[in-house]
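*Asks:* Below is one structure. I have some questions about it.
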Amino acid sequence: MPSAGLSSRRAVQLAALLALLVFYTAQLAGALLPNVPVFVGASLAGLALDIYLTHKQPGLLTLLGKVRFDVTTRQLLRDMLIVIGLVRIPDVPPDIERPLTLLLLVAYAAHFLCQAVAQLVRRTRTLPVVTRNVDTSGLRLTKAPPRLLARQPSRRLLRFSVPGTVGLMLSAGLSEAEWGILGVAVTLVLSLGGAFYLGTWLLPKNRRSNDQRVLEWLDGWLADYRPTVGMYFSGGTTSAYQANMWLSTLAQLDGRPLIVLRERFMVQKIDATDIPIVCIPKVADLMHLEHSTLRLLLHPANSGKTSQILRIPSIKHAFTNHGESDKLSSCNPYAKAYDQVWVAGPAARERYQLAEVGIDDRDVVEVGRPQLTPIRPYAGPPTGQYTTVLYAPTWEGWDGNPGNTSIVLAGENIVRALLDDPAVRLLYKPHPMTGSVDPRAGEADRRIRAMIAEANAARSGARPGADVAAELERRTEELDRTTTTAFRKGADEMERMMLQGTPEPGRAQHVEEALRAWEDAYWASFPEWEHQIVTGPRPAIFTCFNQADLLISDVSSVVSDYLSSEKPYAVGNTSGMSEDQFKETFPTVRAGMVLSPDAAQIPALLESVRHPEKDKLVQARKELKTHLLGPSEPPSMVRFNEAALKLAAEADARNERVARRTAEIPGQREADDAAEEAELEPNAPTDPEDAMTA
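The sequence shown begins at 137 in our numbering and counts up by one.
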């Protein structure tokens with residue numbers, strides 16, 4: 137259980153913190169008494185515990201760092217107590233204090249020197265642009281220095297302190313000063329050697345091109361690749377799914393696609409794709425796209441950094457969103473900033489008009505949902521022993537509205553009612569952000585998982601053989617091999633960029649085939665009677681749709697997407713509205729059964745799924761599907777591509793008009809030439825009037 141795991145982790149952290157205090161106290165007591173066994177044992181145990189914490193408890197170290205008790209402070213305190221102990225132990229030579237203290241100070245100076253060089257090396261290896269699926273051979277990128285030296289100062293300090301601490305303890309136990317001096321000298325040599333070795337990455341052969349040359353390289357690559365349509369994305373660590381759902385659509389568009397990111401970590405969060413990825417963190421560098429052939433950017437999400445790319449007038453911008461639902465968040469007034477808002481069907485167009493957020497109806501374009509192609513259509517009632525039900529509640533949202541998610545007020549009742557039916561097989565797939573805002577949602581999620589585990593323990597039956605498990609393992613390895621790049625542990629951003637160059641021809645098709653084979657092996661690895669808790673990016677939600685006979689969810693894009701299959705579905709109503717109000721407010725609910733918080737409708741819902749003649753909503757689902765997702769012909773991908781070509785053409789037309797008007801301004805060409813010459817000759821004087829005109 138996750139809650140048990142959380143409690144266990146906190147207990148370990150508390151025990152480790154108490155052990156640290158005990159060891160420091162024992163070290164001090166052993167030094168003052170003096171008691172050599174206690175002193176030596178506490179000193180060595182304290183260092184060993186600190187090394188353990190750097191590997192196993194980074195959360196506790198972060199907390200200690202916030203109260204100014206970081207690893208450097210702890211090691212310095214430990215060494216000070218060691219010096220005090222050596223001075224007070226009668227059998228240790230009395231003249232050890234001065235040379236030992238001096239040597240320790242020099243060793244710490246060497247540590248800080250190594251840290252300074254590491255900081256300089258990291259800075260020189262941080263490029264203004266990060267890429268993937270791009271040939272970067274022209275940048276002369278190099279492998280990263282050892283991670284221990286360059287990016288792990290805490291571990292480096294503790295590990296390099298081991299010889300010094302051991303030597304000092306030998307001096308305390310054997311009453312010989314030479315051991316301590318020798319041990320600290322080894323620590324000093326290790327730190328100095330690390331600093332000099334890191335310094336070789338600052339030599340010309342290992343040093344990267346400066347920022348200006350890297351940006352010039354970017355301009356050259358853009359000129360050679362000539363991108364026409366792209367996707368712009370910025371977000372947090374858990375939001376990558378919003379961009380990943382558009383990868384297949386972007387790859388099928390006519391033209392030369394490009395993905396533009398803003399956060400460095402996001403480069404590795406994007407799923408396997410052959411599309412070139414360019415991450416440009418700084419706003420000033422982002423403006424290099426203005427001079428490229430890029431004419432259209434698709435936006436699957438709003439973010440604070442979106443306004444920065446909207447400053448480029450030569451590019452048209454279309455908001456596609458990462459899903460459509462009846463929630464107010466799907467009609468954000470921020471959408472006014474885009475040139476067009478692309479929606480699936482008439483329902484979203486009506487939603488924007490009813491929301492009155494300032495979106496001109498002429499700027500709303502219906503393009504369907506091309507990602508829904510993998511969803512298989514309804515093929516009749518369940519034919520096996522079990523009815524597979526997918527419960528996929530959404531998360532609680534930012535506004536605290538109790539109707540956002542059913543998991544808090546109704547989730548346990550829904551799951552309990554499903555588990556009470558012996559002919560139900562439950563697939564539970566919570567939203568990845570569940571519990572991120574409201575702790576009650578996280579607690580309900582943990583209780584639901586416990587209920588499912590308990591229900592599985594009460595069931596029994598045949599399980600797939602070892603050959604099926606072996607097949608899944610083989611397919612997993614193959615999929616990982618095709619979708620990820622193997623990096624050594626010490627690889628940094630530059631090294632990963634060097635290794636993730638132009639993909640091999642046909643890789644995208646190979647990835648698709650490997651993913652399909654993995655999905656088949658994944659579902660085959662479970663017995664048909666066993667309930668499943670599905671988390672993580674794989675298997676994707678659409679794959680779960682294909683396994684399900686029935687969906688139970690909330691007002692979210694999950695319902696709209698599932699409706700493309702025309703299978704039965706139900707929506708939890710925890711909004712406090714009556715059923716009629718609920719259906720009137722949220723059109724996506726109108727072709728499904730509405731569940732009250734007590735989930736009393738579950739038995740009747742399951743009966744209608746197993747006996748289609750009792751299902752009174754078949755025609756309603758067909759009609760609502762068209763209303764939400766648009767017509768089946770022409771296919772969504774065709775409509776989406778036509779909208780992209782048309783908006784890109786509008787960008788070209790606008791840019792040509794601006795270019796003609798600029799050429800017609802008297803003296804404009806001369807001013808542009810003067811500005812260009814000033815850039816080529818930085819020391820040449822510039823006329824202020826010319827500069828203003830430019």
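We put the beta carbon where it would ideally sit given N, CA and C, even for glycine.
(1) From the DSSP output, read off the bridge partner residues of Cys415.
(2) Quick check: the Cα distance between Glu743 and Lys752, rounded to an integer number of angstroms?
(3) State the DSSP-derived secondary structure class of Leu687, mapped to helix, strand or coil.
(4) Would you check if the distance between the CB atom of Val396 and the CB atom of Met633 is smaller than 8 Å?
(5) My parser needs the alpha helix (DSSP H) runs of 4 or more residues fully inside the segment 648-718; what are they?
(6) First and last residue of the alpha helix (DSSP H) that includes Lys831?
(7) Taking 8 Å as the cut-off, decide whether the C-beta atoms of Pro431 and Ala787 are in contact.
(8) Using the three-state DSSP reduction, which class does Phe369 fall into: helix, strand or coil?
(9) Could you check what DSSP says for Met587 in three-state terms: helix, strand or coil?
(10) Is the segment 466-483 touching the segment 729-741 in the sense that three or more CB pairs, one from each, lie closer than 8 Å?
(11) So, for Ala515: in the same chain, excluding its five sequence neighbours on each side, which residues have a beta-carbon less than 8 Å away from its beta-carbon?
(12) Tell me the residue span of the beta strand (DSSP E) that contains Tyr564.
(13) Return helix, strand or coil for Glu812, following the three-state DSSP convention.
(14) Here's the rule I'm using: 16 or more other beta-carbon atoms within 10 Å means buried, otherwise exposed. How should Thr679 be labelled?
(15) With DSSP as the reference, label Trp531 as helix, strand or coil.
(16) Between the alpha carbons of Ala152 and Gln668, how many angstroms are there, rounded?
(17) Can you tell me where the beta strand (DSSP E) with Ser730 in it begins and where it stops?
(18) Taking C-alpha atoms, which residue in Ala528, Pro600 and Arg617 lies nearest to Lys581?
(19) State the Cα-Cα distance for the pair Asp231 and Glu312, rounded to the nearest angstrom.
(20) Quick check: what's the CA-CA separation for Lys703 versus Tyr564?
(21) Taking Cβ positions, are Gly300 and Val320 nearer each other than 8 Å?
(22) How about Leu731 and Ala706: are their beta carbons less than 8 Å apart?
(23) Give the DSSP-derived three-state secondary structure of Gln636 in the structure shown.
(24) How far does the beta strand (DSSP E) with His833 in it extend, from its first residue to its last?
(25) Which whole-angstrom value describes the C-beta separation of Trp337 and Pro281, a residue pair presumed to lie in contact below a C-beta threshold of 8 Å?
(26) Tell me which residue opens and which closes the alpha helix (DSSP H) that Gln378 is part of.
(27) From the DSSP output, in three-state form, read off Val500 for me.
(28) Quick one: what's Val479 bridged to in DSSP?
(29) Under the rule that 16 or more other beta-carbon atoms within 10 Å means buried, what is Asp497, buried or exposed?
(30) Write down the C-beta distance between Ala784 and Thr364 rounded to the nearest angstrom, noting that I regard them as a contact closer than 8 Å.
(31) Write down every uninterrupted run of the alpha helix (DSSP H) in the segment 241-313 whose length is 4 residues or greater and which is fully enclosed by it, in chain order.
(32) Using only CA atoms, which one of Thr638, Asp499 and Ser290 lies nearest to Asp271?
*Replies:* Once the coordinates are examined:
(1) Numbered from its first residue, the sequence shown carries residue 415 at position 279. Cys415 is bridged to Val266 and Leu397.
(2) Looking up residue 743 in the sequence shown gives position 607. Looking up residue 752 in the sequence shown gives position 616. The alpha-carbon atoms of Glu743 and Lys752 are separated by roughly 12 Å.
(3) Taking the first residue of the sequence shown as 1, we reach residue 687 at position 551. It is a strand residue.
(4) Working through the sequence shown from its first residue, we reach residue 396 at position 260. Working through the sequence shown from its first residue, we reach residue 633 at position 497. Not closer than 8 Å, so no.
(5) 677-683 and 693-698
(6) The question about residue 831 has no answer here: the residues shown for the chain are numbered 137 through 830.
(7) As a first step, residue 431 must be located in the sequence shown, where it is residue number 295. As a first step, residue 787 must be located in the sequence shown, where it is residue number 651. Residue identity differs from the one stated: residue 431 is Arg in this sequence, not Pro. Yes. Within cutoff.
(8) Reading the sequence shown from its first residue, position 233 is the one you call residue 369. Residue state for Phe369 is assigned as strand, using DSSP reduced to three classes.
(9) Here the question's residue 587 lines up with position 451 in the sequence shown. Note: Met587 maps to helix in three-state DSSP.
(10) no
(11) Position 379 of the sequence shown, counted from the first residue, corresponds to residue 515. Contacts found: none.
(12) As a first step, residue 564 must be located in the sequence shown, where it is residue number 428. Start and end: Val560 to Tyr564.
(13) On the sequence shown, residue 812 is found 676 positions in, with the first residue counted as 1. At Glu812, the pLDDT of 45 sits below 50, so the modelled position is not reliable; the number obtained from the coordinates is stated separately. Note: Glu812 maps to helix in three-state DSSP.
(14) As a working mapping, residue 679 is identified with position 543 in the sequence shown. By the Cβ neighbour-count rule, Thr679 is buried, with 16 or more other Cβ atoms within 10 Å of its own.
(15) For the purposes of this step, residue 531 is identified with residue 395 of the sequence shown, where counting begins at 1. The answer is coil: DSSP assigns Trp531 none of H, G, I, E or B.
(16) As a first step, residue 152 is located in the sequence shown; it is residue number 16 there, counting from the start. As a first step, residue 668 is located in the sequence shown; it is residue number 532 there, counting from the start. Distance between the alpha carbons of Ala152 and Gln668 is about 36 Å.
(17) Here residue 730 is taken as the residue at index 594 of the sequence shown, counted from 1. Reading off the sequence shown, one finds Val at residue 730, where the question assumed Ser. Unbroken beta strand (DSSP E) run through Val730: Met729 to Leu731.
(18) Position 445 of the sequence shown holds residue 581. Contrary to the premise, residue 581 reads as Asp rather than Lys in this sequence. Cα-wise, what sits closest to Asp581 is Ala528.
(19) As a position in the sequence shown, residue 231 is number 95, starting the count at 1. As a position in the sequence shown, residue 312 is number 176, starting the count at 1. Computed Cα separation, rounded: 11 Å.
(20) Locating residue 703 in the sequence shown gives position 567, counting from the first residue. Locating residue 564 in the sequence shown gives position 428, counting from the first residue. Approximately 18 Å, taken between the alpha carbons.
(21) One-based indexing of the sequence shown puts residue 300 at position 164. One-based indexing of the sequence shown puts residue 320 at position 184. Yes, they are a contact pair.
(22) Your numbering for residue 731 matches position 595 in the sequence shown. Your numbering for residue 706 matches position 570 in the sequence shown. Taking 8 Å as the Cβ cut-off, Leu731 and Ala706 qualify as a contacting pair.
(23) By one-based count along the sequence shown, residue 636 stands at place 500. Looking at Gln636 - three-state DSSP - the assignment turns out to be coil, as it is neither helix nor strand.
(24) This structure does not reach residue 833, given that the chain is present from 137 up to 830, and the question cannot be answered.
(25) On the sequence shown, position 201 is the one that residue 337 refers to. On the sequence shown, position 145 is the one that residue 281 refers to. The Cβ separation is near 5 Å, so the contact holds.
(26) Locating residue 378 in the sequence shown gives position 242, counting from the first residue. Unbroken alpha helix (DSSP H) run through Gln378: Ala376 to Asn380.
(27) Taking the sequence shown and counting its residues from 1, the one referred to as residue 500 is at position 364. The answer is strand: DSSP assigns Val500 an E or B state.
(28) Working through the sequence shown from its first residue, we reach residue 479 at position 343. According to DSSP, which records beta bridges pairwise, Val479 is partnered with Glu502.
(29) In the sequence shown, residue 497 corresponds to position 361, counting from 1. When all chains shown are included, Asp497 counts as exposed.
(30) Looking up residue 784 in the sequence shown gives position 648. Looking up residue 364 in the sequence shown gives position 228. Yes, they are in contact, since the Cβ atoms of Ala784 and Thr364 sit about 6 Å apart, within 8 Å.
(31) 283-286 and 289-310
(32) Taking the first residue of the sequence shown as 1, we reach residue 271 at position 135. The option with the nearest alpha carbon to Asp271 is Thr638.
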